[in-house]
Each structure stands twice: as structure tokens, then as C-alpha cells.
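Letter by letter, the sequence shown follows residues 2 to 306 of the working numbering.
One structure is given here, and the rest of the page talks about it.
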Amino acid sequence: MKKVTAATIATIGFATFGLMHGDAEASEGIQPSAYTTTFSEETNDYITIDAHGNYHHTIDGNWNVSMFEQGLYQSSYIDANGHMHYVYYTQTFQNDNSDTPSQSHEAIQAQYRNDQSQYDASQTYTQSRGDWHVNETDQTGNGTKVGRAASYGMSQQQSGGNAQQNHDSKSNTSQAASGWLKKYPKWQPYGQYTTGGAHYGVDYGMPENTPVYSFTDGKVIDSGWSNYGGGNQITIQEANSNYYQWYMHMNQLNVQAGDTVKKGQQIGLSGNTGNSTGPHLHFQRMSGGIGNQYAVNPDNYLANQ
2 MKKVTAATIA TIGFATFGLM HGDAEASEGI QPSAYTTTFS EETNDYITID AHGNYHHTID
62 GNWNVSMFEQ GLYQSSYIDA NGHMHYVYYT QTFQNDNSDT PSQSHEAIQA QYRNDQSQYD
122 ASQTYTQSRG DWHVNETDQT GNGTKVGRAA SYGMSQQQSG GNAQQNHDSK SNTSQAASGW
182 LKKYPKWQPY GQYTTGGAHY GVDYGMPENT PVYSFTDGKV IDSGWSNYGG GNQITIQEAN
242 SNYYQWYMHM NQLNVQAGDT VKKGQQIGLS GNTGNSTGPH LHFQRMSGGI GNQYAVNPDN
302 YLANQ
């Protein structure tokens with residue numbers, strides 16, 4: 002099997018999700034000699050392209066038209082280029098942030114006030130290639146925050162898949178249309194796994210670098226790399242409440258700790274960082290503190306967005 006190049010697989014985006022059992026007629030005229038099967042490093046599976054240009058995803062690369070005719074695929078979606086994708090296995094993700102230390106609302110507020118006072122006294126970041134000033138744009142590379150505690154599961158030294166930091170005012174004020182998340186497939190719901198353990202948020206499949214918008218007015222408690230699986234992660238406290246939100250696995254972060262955000266404001270770009278087996282956004286809502294023990298089911302909240 003040959004591997005799909007990054008340029009080729011980059012055309013595969015996640016846009017809509019649904020079962021297409023009524024599309025069996027798409028298999029008419031497909032001959033085995035027309036199959037093209039390649040391994041995708043992006044989706045970590047084998048993709049077989051049939052004569053009609055449909056993409057069939059399997060774990061082992063052994064796809065045949067009878068699998069489609071019998072409706073054996075678990076899910077389907079149309080990518081940004083109009084290609085139909087059929088997935089013949091259940092897509093699952095690792096626990097996103099299972100080991101993050103929990104903190105109560107009271108402890109967070111005390112720590113936040115302490116961090117903010119230190120931050121006000123020293124408004125620079127240091128970097129291996131010189132000073133990193135707070136108001137600069139397009140900030141990239143490994144950075145160490147000065148005068149800021151590495152709270153809420155964040156690491157002071159960002160490494161690995163650290164995000165591009167973009168604090169440009171134009172990108173920060175982009176407003177989302179209501180219900181922007183609903184056009185993406187929900188891949189993993191909130192709740193208990195049948196095999197034990199739990200998923201403390203919801204996962205939505207979307208192409209890398211999809212704009213992500215805040216669901217709330219509030220303040221940014223932290224923004225950076227998580228050592229506990231969330232990858233590049235943003236923590237927001239909802240305005241005038243003890244509710245908190247996590248946005249995980251981001252590629253780019255447009256906000257930083259201490260920022261005030263508005264509902265619908267773009268806060269970054271989605272990605273595939275941290276404990277993630279495919280491009281998606283993990284959203285988690287918490288009541289009374291930060292950590293999985295404070296997690297609440299976000300479905301009703303998201304339904305009203």
C-alpha cells in the first residue's frame with residue numbers, strides 16, 4: 002500500500018455527518034479493478050476510492066462493494082470538496098484530559114487574582130530566541146511564561162504540538178453564526194463507556210484549522226499546552242458564574258490568560274494535538290470548579306447555542 006501524501010489527504014475535510022443507506026445505487030457499475038486503496042496518515046486508516054469517487058474507510062484496507070451494499074458502514078460524511086466518505090468502523094478517541102488535577106471555583110479565583118497581579122508586574126514572555134512581548138502577533142515556538150503559575154493542568158514550558166499564538170485583534174473579533182458547531186458530526190458523546198471509564202465532554206469531528214468560537218461571554222483562565230492529554234487547550238470561565246469551559250486539541254490559540262471574550266468570538270483553530278486519534282474539538286463544561294469531577298453534560302447547553 003502506498004501512503005497518501007500530506008498534500009493529498011489535506012483535501013479530506015469533515016463537514017457533515019449522516020447515514021446514507023439510501024445511496025446503494027452508488028455501487029452500480031463498480032468493478033474491483035477500479036479500486037484504489039491507500040493508507041492515510043491523517044485519518045490513520047485505509048481509504049479505498051471506488052469508481053464513483055466515494056471514499057471507503059477501513060482499518061485493514063480490505064473493502065469490497067458488498068460491504069457498502071449491505072450498509073455495513075458505521076457513519077458517513079461529505080468533505081469540504083463534496084466527496085462522500087463511508088467509515089466501516091466505530092471512531093473512538095482516547096480520554097482527552099483524564100488526569101488533570103481538579104480545582105474548586107474558590108481556589109481558581111484566588112489563584113487567578115494572584116497570577117494576574119504577578120502578570121501586571123511583568124508583561125513579557127521569554128523565549129529561546131529573545132523576548133516575547135505580550136502584544137506581538139503570530140507568536141510561535143517554545144515559550145516559557147514569566148510570572149504566571151502553570152495552573153489548571155497547563156505546562157509552563159510548552160513543547161511538542163504547541164499552538165501558534167495569534168493575538169491579532171482582527172482574528173480575535175471574528176463573530177460566529179449561531180449554531181456553528183451543529184454542522185459538524187458528534188463523534189463521542191458525554192457519558193460512561195460500556196467498557197468502563199467515562200468521557201467528560203463531547204467530541205465533534207472537524208477538519209484541522211477550523212475556526213473555533215467561544216460559546217460564552219467570560220474570561221480566559223488559561224490558554225496553552227496541557228500535560229494531561231488536552232493538547233493546546235483553552236479554559237474560559239463563564240461570565241458571572243462558577244461554570245467553566247474547556248476547548249481541547251487546538252492548533253492555534255487566539256486568546257491568552259486574562260483576556261475577556263465575547264460569545265461568538267473566534268478563540269482559535271481546531272486541531273489534533275494531545276491525546277487525539279483524529280482531528281476534532283473536545284468541548285467540556287464544568288460546574289463549581291475545573292477538572293473531570295466537576296464535569297456536567299453539555300448537551301442542553303450546546304443545543305441552545
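All C-beta atoms in this analysis are idealised placements derived from N, C-alpha and C, irrespective of residue type, glycine included.
Exercise for review: Tell me whether residue 45 is buried or exposed, calling it buried when 16 or more other Cβ atoms sit within 10 Å of its Cβ.
Suggested key: Residue 45 comes out exposed.
Check your understanding: Cβ atoms of residue 202 and residue 299: under 8 angstroms apart, would you say?
Key -> Note that the C-beta distance between residue 299 and residue 202 is below 8 angstroms.
**Study point:** Cβ-Cβ distance between residue 257 and residue 215 below 8 angstroms
**Key:** Taking 8 angstroms as the cut-off, the beta carbon of residue 257 is found no closer than this to the beta carbon of residue 215.
Practice item. In the DSSP assignment, find the beta strand (DSSP E) that holds residue 182 and state where it starts and stops. Key: Per DSSP, residue 182 is not a residue of any beta strand (DSSP E), being assigned neither H nor E.
Check your understanding: What is the DSSP secondary structure of residue 284, reduced to helix, strand or coil?
Key -> Reduced to three states, the DSSP call for residue 284 is strand.
Review point. Thinking C-beta only, is residue 251 closer than 8 angstroms to residue 219?
Key: Going by C-beta atoms, residue 219 is not nearer than 8 angstroms to residue 251.
Review point. Measuring CA to CA, which of 287, 227, 282 and 301 is closest to residue 237?
Key: Comparing C-alpha distances from residue 237 to each of 287, 227, 282 and 301 shows the shortest one belongs to 287.
Review point. For the candidate residues 52, 107 and 232, whose alpha-carbon lies nearest to that of residue 245?
Key: Checking every option, the nearest Cα to that of residue 245 belongs to 107.
Point to revise | Of the listed residues 36, 86 and 73, nearest to residue 58 (C-alpha basis) | key: Among 36, 86 and 73, the Cα nearest to that of residue 58 is on 86.
Check your understanding: Looking only at DSSP bridge pairs, what is residue 239 linked to?
Key -> For residue 239, which the question treats as bridged, DSSP gives the partners 219.
Exercise for review: Leaving out five residues on either side along the sequence, give the residues of the same chain with a beta carbon under 8 angstroms from the beta carbon of residue 180.
Suggested key: Once the five neighbours on either side are set aside, the close Cβ partners of residue 180 are 306.
Review point. Looking at C-alpha atoms only, which residue of 66, 254, 71 and 61 is the closest neighbour of residue 267?
Key: Cα-wise, what sits closest to residue 267 is 254.
**Study point:** Beta-carbon spacing of residue 235, residue 198 below 8 angstroms
**Key:** No, Cβ-Cβ distance for residue 235 and residue 198 is not below 8 angstroms.
Review point. How would you label residue 190, buried or exposed, when you count the other beta carbons within 10 angstroms and need 16 or more for buried?
Key: So residue 190 counts as exposed.
Check your understanding: Which stretch, first to last residue, makes up the alpha helix (DSSP H) that contains residue 303?
Key -> For residue 303, the enclosing alpha helix (DSSP H) starts and ends at 300-304.
Practice item. Can you say whether residue 292 is buried or exposed, counting buried as having 16 or more other CB atoms within 10 angstroms of its CB? Key: That one is buried.
Check your understanding: Start and end of the alpha helix (DSSP H) containing residue 256?
Key -> Per DSSP, residue 256 belongs to no alpha helix (DSSP H) and is neither H nor E.
Check your understanding: Which residue comes first and which comes last in the beta strand (DSSP E) that contains residue 271?
Key -> Per DSSP, residue 271 belongs to the beta strand (DSSP E) from 267-271.
Practice item. Check the DSSP bridge columns for residue 50 and list the partner residues they point to. Key: 37 and 56, per the DSSP bridge assignment.
**Study point:** Residue(s) in a DSSP beta bridge with residue 212
**Key:** DSSP, once it has assigned bridges, lists 270 as partnering residue 212.
Practice item. Look at the alpha carbon of residue 49 and the alpha carbon of residue 274, and state the distance between them as a whole number of angstroms. Key: About 26 angstroms.
Practice item. Taking all protein chains shown into account, decide if residue 51 is buried (16 or more other Cβ within 10 angstroms of its Cβ) or exposed. Key: Buried is the call here.
Review point. Taking the continuous alpha helix (DSSP H) assigned at residue 68, which residues delimit it?
Key: Element bounds for residue 68: 66-70.
Review point. Taking residue 110 as the reference, which of 242, 282, 184 and 227 has the closest Cα?
Key: Nearest of 242, 282, 184 and 227 to residue 110, Cα basis: 242.
Exercise for review: Measure the alpha-carbon distance for residue 41 versus residue 285 and round it to whole angstroms.
Suggested key: Straight across, the Cα-Cα distance linking residue 41 with residue 285 is about 29 angstroms.
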